[in-house]
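Going by the UniProt record's numbering, the first residue of the sequence shown is number 1, and it counts up by one from there.
Right, one structure below, let's go through it.
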Amino acid sequence: MVRELIMHGVIAVEFEVLFFEDGEPIIDGESGDLRFRIRTAAHDLFRREGNDLHTTVTITLVQALVGFEKTVKHLDEHLVDIRTKGITNPKQVTKFKGEGMPVHMSTKKGDLYVTFEVLFPNSLTEEQKTNIIAIIA
């Protein structure tokens with residue numbers, strides 16, 4: 001017997017599907033139930049918490065100070081625009097409402113949380129140090 005299980009991309013982190021009396025029959029008895037336990041797999045870029053997604057975006061020190069424009073490719077391949085015009089602090093988290101996972105049996109979606117990682121230079125020349133001090137001080 002073949003059972004078809006159609007998934008529409010909207011699932012919880014873990015859930016179970018039950019096919020009542022579709023399992024193996026016991027000797028001289030009724031068929032048991034057939035159960036499938038389904039879990040979402042880990043992803044390289046996104047971490048799921050309920051219907052929310054979390055990811056990390058790396059930016060340069062210059063981008064952290066003056067702003068930037070970037071795009072993040074979502075799980076369904078659409079692009080999420082990320083832009084700032086001001087200062088972005090290391091480990092700052094920005095929420096993108098409605099960019100998370102679809103909520104089961106609803107038209108709503110969770111949110112996407114982006115944590116920014118700022119790349120600092122390994123070293124600075126004396127001239128660069130002097131210029132930075134002159135600009136910031």
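Don't be surprised by glycine CBs; every beta carbon is placed ideally from N, CA and C.
Predicted, not measured: the structure shown is a model, and the values here were computed from it.
- Go through its chain and collect everything with a Cβ distance to K73's Cβ below 7 Å, but skip five positions before and after it. Locating residue 73 in the sequence shown gives position 73, counting from the first residue. Around K73: L79.
- What do you reckon, are the CB atoms on V114 and T94 nearer than 8 Å? For the purposes of this step, residue 114 is taken as residue 114 along the sequence shown, with counting starting at 1. For the purposes of this step, residue 94 is taken as residue 94 along the sequence shown, with counting starting at 1. Cβ atoms of V114 and T94: closer than 8 Å.
- Go ahead and pull the three-state DSSP assignment for residue 138. No information on residue 138 is available, as it lies outside the stretch 1 to 137 that the chain covers here.
- State buried or exposed for A134, treating a residue as buried only when at least 16 other CB atoms are found within 10 Å of its CB. Residue numbering aside, residue 134 sits at position 134 when the sequence shown is read from its first letter. A residue is called buried when at least 16 other Cβ atoms come within 10 angstroms of its Cβ; A134 does not meet this threshold and is exposed.
- Using DSSP with H/G/I as helix, E/B as strand and the rest coil, what is E69? Your numbering for residue 69 matches position 69 in the sequence shown. Three-state DSSP puts E69 in a strand.
- Query: When you compare each of L112, I27, S106 to F96 by their alpha carbons, which one comes out closest?
  - Reply: For this step, residue 96 is matched to residue 96 along the sequence shown. Closest by alpha carbon: L112.
- Task: Out of K108, G110, E77, V62, state which residue places its alpha-carbon closest to the alpha-carbon of L45.
- Result: Against the sequence shown, residue 45 aligns to sequence position 45. Among K108, G110, E77, V62, the Cα nearest to that of L45 belongs to E77.
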